[in-house]
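**Q**
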Amino acid sequence: MKRPFLRLLAVFLGSVCSVHALPPAPYYTLYGTVRDDVGQIVVTQGAEVILLKGGVEVARTAIDSTLRPDQNYELRLRLDHARATTRLYTPEALATDGQFTVRVRMNDRLFLPIQVTGNLTAGKGGERVRFDLTIGEDSDSDGLPDLWEEWQLYLAGHAPLPNGRWDISLLGPAGDLDNDGSNDLAEYIGGTYAADPMSQLFLESKERGVNFWRFEFPRVTGKTYQLLRSTSMAPGSWTPVDFALTQGGVPAAFHRAQEAGPISIFVVPLAGREFYRLTVQ
Ligand SMILES: [Ca+2]
Ligand SMILES: [Ca+2]
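Numbers in our numbering are just positions in the sequence shown, counted from 1, shifted up by 120.
1. Return yes when at least one heavy atom of ligand 1 lies under 7 angstroms from the C-beta of PRO265, else no.
2. Report yes if the CB atom of ASP252 is closer than 8 angstroms to the CB atom of GLN272, and no otherwise.
3. Ordered along the chain, which non-local residues of its own chain (more than five positions away) have a Cβ less than 7 angstroms from that of ASP426?
4. With a 10 Å radius around its C-beta and 16 neighbouring C-beta atoms as the bar for buried, classify GLU247 as buried or exposed.
5. Could you give the first and the last residue of the continuous beta strand (DSSP E) run that contains LEU171?
6. Please classify ASP414: does DSSP put it in a helix, a strand, or coil?
7. Any idea which residues DSSP pairs GLN378 with across the strands?
8. For the pair the segment 373–387 and the segment 322–342, tell me if three or more CB-CB distances fall below 8 angstroms.
9. Under the assumption that LEU172 contacts THR221 (Cβ atoms under 8 angstroms), give the Cβ distance between them as a whole number of angstroms.
10. Helix, strand or coil: how does DSSP classify ILE288 here?
11. Taking the straight line between their C-alpha atoms, what separation do you get for GLY301 and PHE395?
12. Skipping 5 residues on each side, what residues in its chain have a beta carbon closer than 7 angstroms to that of ASP262?
13. For ASN192, count neighbouring C-beta atoms within 10 Å of its own C-beta (all shown protein chains included) and say buried if the count is 16 or more, exposed if not.
14. Taking only the alpha-carbon atoms, compute the straight-line gap between ALA141 and ILE383 and give it to the nearest angstrom.
15. Is GLU269 near ligand 1, judged by its Cβ being under 7 angstroms from some heavy atom?
16. Rank VAL176, GLU168 and GLU177 by C-alpha distance to the C-alpha of GLY184 and give the top, closest one.
17. Between the alpha carbons of PRO143 and LYS244, how many angstroms are there, rounded?
18. Could you work out which residue in THR254, ARG229 and VAL249 is closest to THR237 when comparing CA atoms only?
19. Give the secondary structure of GLN272 by DSSP, where H, G and I count as helix, E and B as strand, and everything else as coil.
20. Flag this pair as yes or no: are the beta carbons of LEU197 and ALA179 separated by less than 8 angstroms?
21. Buried or exposed for ALA145, please, with buried defined as at least 16 other CB atoms from any protein chain shown within 10 angstroms of its CB.
22. Label TYR274 either buried or exposed according to how many other C-beta atoms from any shown protein chain fall within 10 Å of its C-beta, with 16 as the threshold for buried.
23. Going along the chain, which residues of its own chain have a beta-carbon closer than 8 angstroms to the beta-carbon of GLY392, five neighbours each way excluded?
24. In whole angstroms, what separates the C-alpha of TRP333 from that of MET318?
25. So is the beta-carbon of ALA314 under 7 angstroms away from any non-hydrogen atom of ligand 2?
26. Just to confirm my understanding: we take GLY218, look at its own chain, exclude 5 residues before and 5 after, and list those with CB closer than 6 angstroms. What are they?
27. What did DSSP end up calling VAL222 once you bin it into helix, strand or coil?
28. Is GLU394 near ligand 2, going by C-beta to nearest heavy atom under 7 angstroms?
29. From the DSSP output, in three-state form, read off LEU230 for me.
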């Protein structure tokens, strides 16, 4: 099978980025994806992200899996540029560079996401900052939930240590337990097995017609896929491209998998050289 430059290019939309907007609205926007401890996007009805300042709630928003393909929550916060001698104009406003923390409420329980350690610092008004959240325990502080790590070790044929615990240090975001070229964080995000080298995300070119290009990739139930295209592969040159699930079908910006297995997607090709990459959430 031929997979050279089209081979997965699992891109994490989880990195922090910020976009500056113009005044007058001094909102600070926190957004991202909330996942559970096996990597699935939270779809629980009534689940919320809650923001606290000094232990007191100042904002909350519903977790909504239909919000956008690459995020299921968004919190817009008012920031106050108050100087040390002035007071915040509303009790709900956060002082610029103020301290806050985040919790997730789900099934009437409050969870501390593993990314949240201590207080966080709000930036400046107009910023839009990605902050992905994972519910679960992370006793080795590597950003991967312990339950998922233990599950991968079980699948790999490992046994618990004599003390009954699993040696989760064998996995890490930059590690590659099965040596398949996809690191353990990519496998967690992509929903593939970190202990099975045959299980990984890749994009394969299958067929080039006069006015279509057919690709195939192995989808995982519950994951959302988007396609990006570039004519140079230069950083910043990748732009989203719509794709259809059938030749001549209606193109869409993303695909949310309802089942597992290989899937074909169709795009209208450009005239010249082009490169594609697949992203997963
Ligand atoms: Ca961990
Ligand atoms: Ca791997």
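All residues carry an ideal CB built from backbone N, CA and C; glycine is no exception.
**A** According to the structure data:
1. yes
2. no
3. Nothing in the structure corresponds to residue 426, since the chain is present only between 121 and 401.
4. buried
5. 168–173
6. Here the chain has residues from 121 to 401 only, and residue 414 is not among them.
7. Answer by DSSP bridge pairing: none, since GLN378 is not bridged.
8. yes
9. 5 angstroms
10. helix
11. 20 angstroms
12. GLY292 and PRO293
13. buried
14. Only weak support exists for where ALA141 lies, its pLDDT of 39 falling under 50; the coordinates are left without a value.
15. yes
16. A small correction: the amino acid at residue 184 is Asp; Gly does not occupy that position in the sequence shown. If we check each option's Cα against that of ASP184, GLU168 comes out closest.
17. Per-residue confidence for PRO143 stands at a pLDDT of 45, beneath the threshold of 50, marking its modelled position as unreliable; the derived number appears in the next sentence. When rounded, the distance between both Cα atoms is 11 angstroms.
18. THR254
19. helix
20. yes
21. With a pLDDT of only 46 at ALA145, under 50, the local geometry of the prediction cannot be trusted, and the value read off the model is given with reservation. Result: exposed.
22. exposed
23. THR351
24. 25 angstroms
25. yes
26. ALA242
27. strand
28. no
29. strand
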